[in-house]
């Protein structure tokens, strides 16, 4: 039989990287995890750093099968990240790192023969 994680449904949670989207998606991810889902929560590197440095990820460290991943948003660190710049960067730079994440050989769907 496969690993415990491979037997669970897997939710890939990806909030839009703007204010007001991350916390509701995190709440949904926690609810799904409580119902037995394997969770991969994907943030931009910028937002991932904000979550981890603020202590927001501390409670998740003890959760088995709840993984935090990050991908670049394509913006320089000093960018003010307006709605317009986030939208433009997301449409230009998100797809390739997202495909890399989904194609990662460590991902449970890879063992099921599913590919990006």
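Numbering (the UniProt record's numbering), first residue to last: 1 to 116.
The beta carbon of each residue, even a glycine, is placed where N, CA and C say it ideally should be.
Please read all numbers here as calculations on a predicted model, not as lab measurements.
In the three-state reduction of the DSSP assignment, residue 29 falls in the helix class. Residue 7 has its alpha-carbon roughly 30 Å from the corresponding atom of residue 47. Distance from the CA atom of residue 66 to the CA atom of residue 45, rounded to whole angstroms, is 18 Å. Residue 26 has its alpha-carbon roughly 15 Å from the corresponding atom of residue 10. Looking at the DSSP output, residue 10 shares a beta bridge with 38.
With fewer than 16 other beta carbons inside 10 angstroms of its own, residue 87 counts as exposed.
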